[in-house]
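**Q** Protein chains in written order, with the working numbering: chain A, 104 to 545; chain B, 48 to 179.
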Ligand code: HEM
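#1: Residue 197 of chain A by DSSP, collapsed to three states: which one?
#2: Listing by chain order, which chain A residues have their CB less than 9 Å from the CB of residue 179 of chain B?
#3: Residues of chain A with CB under 9 Å from residue 96 of chain B, in chain order?
#4: Compute every distance between the C-beta of residue 209 of chain A and the non-hydrogen atoms of the ligand HEM, then say whether any falls below 8 Å.
#5: What are the residues in the stretch 279-310 of chain A lying within 8 Å of chain B by C-beta distance?
#6: Mind checking the stretch 416-436 of chain A against chain B and listing, in chain order, the residues whose C-beta falls within less than 9 Å of any C-beta there?
#7: Where residue 82 of chain B and residue 90 of chain B are concerned, what is the direct C-alpha to C-alpha distance, given to the nearest angstrom?
#8: When you compare the CB of residue 274 of chain A with every CB in chain B, is at least one pair closer than 9 Å?
#9: Is residue 329 of chain A closer than 9 Å to residue 275 of chain A when the C-beta atoms are compared?
#10: Taking only beta-carbon atoms, is residue 107 of chain B less than 9 Å away from chain A?
#11: Between residue 392 of chain A and the ligand HEM, is there a pair consisting of the residue's CB and a ligand heavy atom that are separated by less than 8 Å?
#12: Distance, Cα to Cα, residue 264 of chain A vs residue 304 of chain A?
#13: Would residue 395 of chain A be called buried (16 or more neighbouring beta carbons within 10 Å of its own) or exposed?
#14: From A:502, A:534, A:472, pick the residue whose C-alpha is nearest to that of residue 462 of chain A; which is it?
#15: For the ligand ATP, any of its heavy atoms closer than 8 Å to the Cβ of residue 539 of chain A?
#16: Tell me which residues of the stretch 141-171 of chain A have at least one Cβ-Cβ distance to chain B shorter than 7 Å, keeping chain order.
#17: Exposed or buried, which one is residue 407 of chain A when buried takes at least 16 other CB atoms within 10 Å?
#18: Among A:195, A:296, A:419, whose alpha-carbon lies nearest the alpha-carbon of residue 169 of chain B?
#19: Based on Cα-Cα distance, which residue from B:92, B:114, B:50 lies nearest to residue 145 of chain B?
#20: Just the C-alpha distance for residue 95 of chain B and residue 155 of chain B, rounded to the nearest angstrom, thanks.
#21: What in chain B is Cβ-close to residue 217 of chain A, meaning under 7 Å?
#22: I'd like the list of long-range same chain contacts for residue 170 of chain A, defined as Cβ closer than 7 Å, with 5 residues on each side in sequence excluded.
#23: In chain B, which residues lie less than 8 Å from residue 361 of chain A when you measure between Cβ atoms?
#24: Sort A:250, A:112, A:131, A:522 by Cα distance to residue 438 of chain A and report the nearest one.
#25: Quick check for students: name the residue ranges of the beta strand (DSSP E) that lie wholly in the stretch 142-175 of chain A, counting only runs of 3 or more.
#26: Tell me whether residue 378 of chain A is buried or exposed, calling it buried when 16 or more other Cβ atoms sit within 10 Å of its Cβ.
#27: Answer with buried or exposed for residue 262 of chain A, where buried requires no fewer than 16 other C-beta atoms within 10 angstroms of its C-beta.
#28: According to the Cβ coordinates, are residue 127 of chain A and residue 168 of chain A closer than 9 Å?
#29: Run down chain A in chain order and give the residues with a C-beta less than 8 Å from the C-beta of residue 56 of chain B.
#30: Determine, using beta-carbon pairs with one atom in the stretch 414-432 of chain A and one in the stretch 98-114 of chain B, whether at least three such pairs fall under 8 Å.
#31: Is residue 345 of chain A near the ligand HEM, in the sense that its beta carbon is under 8 Å from a heavy atom of that ligand?
#32: At what residue ranges does the stretch 490-540 of chain A contain a whole run of the alpha helix (DSSP H), taking only runs of 4 or more?
#33: What is the DSSP secondary structure of residue 170 of chain B, reduced to helix, strand or coil?
#34: Taking its Cβ as the centre, do 16 or more other Cβ atoms sit within 10 Å of residue 621 of chain A, making it buried, or is it exposed?
#35: Mark residue 270 of chain A as exposed unless 16 or more other C-beta atoms lie within 10 angstroms of its C-beta, in which case mark it buried.
#36: So that I know if they touch, is there some Cβ in chain B lying closer than 9 Å to that of residue 408 of chain A?
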C-alpha cells in the first residue's frame with residue numbers, strides 16, 4: 104500500500120539529521136588532528152570539547168534519521184497517515200532546540216553529564232519528552248498490534264527500550280546509585296549497552312521493511328525473521344556486561360553476558376549463508392543508490408560482527424579493552440552499519456515520487472567509494488593502534504615507556520587515522536550535499 | 048510462528064529483563080555505600096570539566112589520555128595536584144583552585160580503592176572467562 108500524501112515533516116527530520124552528520128564529522132576531524140598533532144588547539148578548543156561535539160552530533164544524526172525513516176515507512180505500511188503531524192512537529196522542535204542548547208553548552212565548556220551525553224543533565228528533560236511524544240504518535244498511527252510483521256515489533260522494541268535505557272542512564276543523579284564507582288559504572292554500562300541495541304532495532308526494522316518493499320518479498324512475516332528478532336532482543340537485554348568485563352563487579356553478570364554475546368555467532372552464520380541470495384537480489388535491482396548502501400552495510404556488518412564477537416570473549420577483551428580497538432568497534436558499527444543503512448533510507452526516501460530527484464551517478468560513485476575505501480583504512484588504523492596499545496599495557500613496568508612517548512610512537516598510525524577520516528568526511532559530504540539538494544518536494 | 052508463541056517469548060524476555068534490572072538496582076554490586084561528600088564533589092567536578100573525554104576509568108572513557116583508575120596509588124596526591132596546576136603538553140591547564148583540585152584528588156583516591164584496572168592483573172581461564 105503506497106500513501107502518496109507522505110508528510111513533509113518526515114523529510115525535514117532526515118534533512119536536519121544529514122546536516123548534523125556533516126557537522127559531526129567536522130568535529131571528528133578536529134579530534135583526529137588532535138591525535139596527529141598533540142596539543143592542537145589545546146587552549147581554545149581542546150579534545151574535551153571536540154569529542155563530545157563530535158559524538159553528540161553523530162548520536163543525533165542517528166536518532167533523527169532513524170525517526171524520519173520510521174515516520175516515512177510507517178504510513179506506507181499501514182496505508183494511513185501519521186496520527187498527529189502536530190506532535191511530530193513538537194518532537195522535532197524539542198530535539199532541535201536541545202541539540203542547539205547542547206552545542207552552545209559544549210562550546211562554552213559547560214559540561215556536567217557523562218560519556219556520550221556530557222551536557223548539563225537538565226537537557227535530558229526535553230529529550231525524554233520528545234521521545235514520549237514519539238511513542239504516543241507511533242502507537243496511535245499504528246492502530247493495533249495483532250498480526251504485525253517483524254519490523255513493527257522491532258520499531259516498538261526500539262522505541263520503548265530507548266526510553267527505558269535513557270532514563271536509566273540518568274539514575275546517577277540519585278546519590279544511592281553513584282556513591283560507589285563500581286555500582287555507578289555497572290548501571291551506566293547496563294543502560295548504554297542496551298541503548299545501542301535499542302536504536303539498532305529502529306534501524307534494522309526499517310531495513311527489513313525496505314528490503315521487503317524493493318525485493319517484493321515477505322521476509323518480515325517469516326519465522327526466521329522473528330527468530331532473529333528474538334535473538335536480537337535477548338542480546339539487547341542481557342549482553343551489555345561485555346562492556347565491563349574488567350570492572351570488579353558481579354562475576355555472574357559477566358558470565359550471562361559472555362554466554363548471550365556468543366549467540367551472535369548464529370547471526371554471523373546466517374549472514375554468510377544468505378550472502379548469495381542478497382547478491383542475486385542486488386543483480387536484479389541493478390545499481391540503485393539505496394541498494395548499494397545496503398550491500399555495503401552488509402559487508403561492514405560482517406567485519407564488525409567478527410570483531411565484536413572476538414571482543415566479547417573475556418580473555419580477549421582483557422587485551423582489547425581500553426584501547427583504540429574499542430573505538431574501531433564503535434565507529435566501525437556506527438558508520439559502516441548504522442550510517443550506511445540510514446543513508447540507504449535517505450536515498451530511498453528522496454527518490455520517492457514526492458521529491459524531485461536528480462541524481463548524478465558520477466558524484467554518487469565518487470562519494471560512495473571514497474567513503475568505503477577510506478573507512479577500511481580508518482578502521483584498520485584504529486585496530487592496529489589498539490594492538491600496539493594492548494602490547495604496551497601488558498609490558499612490565501620496568502620496560503614500559505611513559506604514556507606520552509607511547510602515543511608519539513603511534514603517530515604514523517594516527518596520521519593514517521586522521522587523513523582517512525578526512526577523506527571519509529569528504530566522501531560522505533558529497534552524498535550529504537546531494538541528498539539535501541534533492542530533498543525539495545514537488 | 049504462532050502468535051501465542053511470540054507472545055510467550057516476548058513476555059518472558061521482558062519479565063526477565065525487568066526482574067534482572069530490579070534485582071541489580073536493589074542489590075548494587077558493592078551494596079549501599081554512604082556518600083563520601085568530598086569524593087562526590089570530585090566526581091561532579093570530573094564531569095563538569097569533562098576529564099572523561101580524554102581519560103578512562105576501568106578502561107572506559109576517551110582515549111587521548113591515560114587510564115587514571117590507579118594513578119592515585121602509583122603516583123600520589125602531590126604529583127596529581129602539581130600536574131593539574133600546570134597542565135601538560137596535551138592536557139590543558141584548567142586553572143582550577145586548590146579546593147577543586149582537592150576534590151578531584153579525593154575522587155581519584157576513592158576510585159583507586161575499589162580495585163585494579165591493570166590488564167596484567169587478570170588470569171584467563173581455559174573457557175575464555177577471566178579472574179582477578
Ligand atoms: C559517520 C561518521 C562518524 C560516526 C558515526 C562516528 C562515530 C563515533 C563514535 C560513536 C565515537 C565514540 C567512540 C567511543 O566511545 O569508543 C567516535 C569517536 C571519535 N571519532 Fe568518530 N565518527 C564518525 C566520523 C569520524 C571522522 C570522519 C573522524 C575523523 C578523524 C572521527 C574521529 C573521531 C575521534 C578522534 C573520536 C574520539 C576517539 C577517542 O575517544 O579517543 N570520527 N566517533
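Just so it is clear, CB atoms sit at the ideal spot from N, CA and C, and this is done for glycine as well.
**A** With the structure as the only source:
#1: For the purposes of this step, residue 197 of chain A is identified with residue 94 of the first chain, where counting begins at 1. Reduced to three states, the DSSP call for residue 197 of chain A is helix.
#2: Working through the second chain from its first residue, we reach residue 179 of chain B at position 132. Near residue 179 of chain B (Cβ distances below 9 Å), the residues of chain A are 349, 351.
#3: For the purposes of this step, residue 96 of chain B is taken as residue 49 along the second chain, with counting starting at 1. Per Cβ cutoff of 9 Å: 151, 212, 214.
#4: Residue numbering aside, residue 209 of chain A sits at position 106 when the first chain is read from its first letter. No.
#5: 279, 280, 281, 282, 283, 284, 285, 286, 288, 289, 290, 292, 293
#6: 416, 417, 418, 419, 420, 421, 422, 424, 425, 426, 427, 429, 430
#7: Taking the first residue of the second chain as position 1, residue 82 of chain B is located at position 35. Taking the first residue of the second chain as position 1, residue 90 of chain B is located at position 43. Roughly 11 Å separates the two Cα atoms.
#8: Within the first chain, the letter at position 171 stands for residue 274 of chain A. With 9 Å as the cut-off, residue 274 of chain A counts as an interface residue toward chain B.
#9: Within the first chain, numbered from 1, the residue matching residue 275 of chain A stands at position 172. Within the first chain, numbered from 1, the residue matching residue 329 of chain A stands at position 226. Cβ distance not < 9 Å, so residue 275 of chain A and residue 329 of chain A don't count as in contact.
#10: Here the question's residue 107 of chain B lines up with position 60 in the second chain. Yes, because at least one Cβ of chain A sits closer than 9 Å to the Cβ of residue 107 of chain B.
#11: Here the question's residue 392 of chain A lines up with position 289 in the first chain. False, no ligand heavy atom lies under 8 Å from that Cβ.
#12: Position 161 of the first chain, counted from the first residue, corresponds to residue 264 of chain A. Position 201 of the first chain, counted from the first residue, corresponds to residue 304 of chain A. One C-alpha to the other measures close to 9 Å.
#13: Position 292 of the first chain holds residue 395 of chain A. Its Cβ being crowded by 16 or more others within 10 Å, residue 395 of chain A is buried.
#14: Locating residue 462 of chain A in the first chain gives position 359, where the first residue counts as 1. It is A:534.
#15: Among the ligands present in this structure, namely the ligand HEM, the ligand ATP is not found.
#16: 141, 142, 145, 146, 149, 150, 151, 154, 155
#17: Here residue 407 of chain A is taken as the residue at index 304 of the first chain, counted from 1. Buried, since its Cβ has 16 or more Cβ neighbours within 10 Å.
#18: Residue numbering aside, residue 169 of chain B sits at position 122 when the second chain is read from its first letter. Among A:195, A:296, A:419, the Cα nearest to that of residue 169 of chain B is on A:419.
#19: To locate residue 145 of chain B, count along the second chain from 1; it is residue 98. Its Cα nearest to that of residue 145 of chain B, the residue B:92 stands out among B:92, B:114, B:50.
#20: Along the second chain, one-based indexing puts residue 95 of chain B at 48. Along the second chain, one-based indexing puts residue 155 of chain B at 108. Their Cα atoms are separated by approximately 15 Å.
#21: In the first chain, residue 217 of chain A corresponds to position 114, counting from 1. Those are 94, 99, listed as they occur along chain B.
#22: Here residue 170 of chain A refers to the residue found at position 67 of the first chain. 116, 237, listed in sequence order.
#23: To locate residue 361 of chain A, count along the first chain from 1; it is residue 258. Result: 175, 176.
#24: Mapped onto the first chain, residue 438 of chain A falls at position 335. With distances taken between Cα atoms, residue 438 of chain A lies closest to A:131.
#25: none
#26: Here residue 378 of chain A is taken as the residue at index 275 of the first chain, counted from 1. Exposed, by the Cβ-count rule.
#27: Position 159 of the first chain, counted from the first residue, corresponds to residue 262 of chain A. The residue in question, residue 262 of chain A, is buried, as its Cβ has 16 or more Cβ neighbours within 10 Å.
#28: Position 24 of the first chain, counted from the first residue, corresponds to residue 127 of chain A. Position 65 of the first chain, counted from the first residue, corresponds to residue 168 of chain A. No; because the gap between Cβ atoms is not below 9 Å, this pair is not in contact.
#29: Taking the second chain and counting its residues from 1, the one referred to as residue 56 of chain B is at position 9. Within 8 Å Cβ-Cβ: 333.
#30: The stretch 414-432 of chain A, when compared against the stretch 98-114 of chain B, does touch it at the 8 Å Cβ threshold.
#31: Working through the first chain from its first residue, we reach residue 345 of chain A at position 242. The answer is no for residue 345 of chain A.
#32: 506-512, 514-540
#33: By 1-based counting over the second chain, the position of residue 170 of chain B is 123. Looking at residue 170 of chain B - three-state DSSP - the assignment turns out to be strand.
#34: Given that chain A is displayed from residue 104 to residue 545, the structure contains no residue 621 of chain A and the question cannot be resolved.
#35: To locate residue 270 of chain A, count along the first chain from 1; it is residue 167. By the 10 Å Cβ count, residue 270 of chain A comes out exposed.
#36: As a position in the first chain, residue 408 of chain A is number 305, starting the count at 1. So, not an interface residue.
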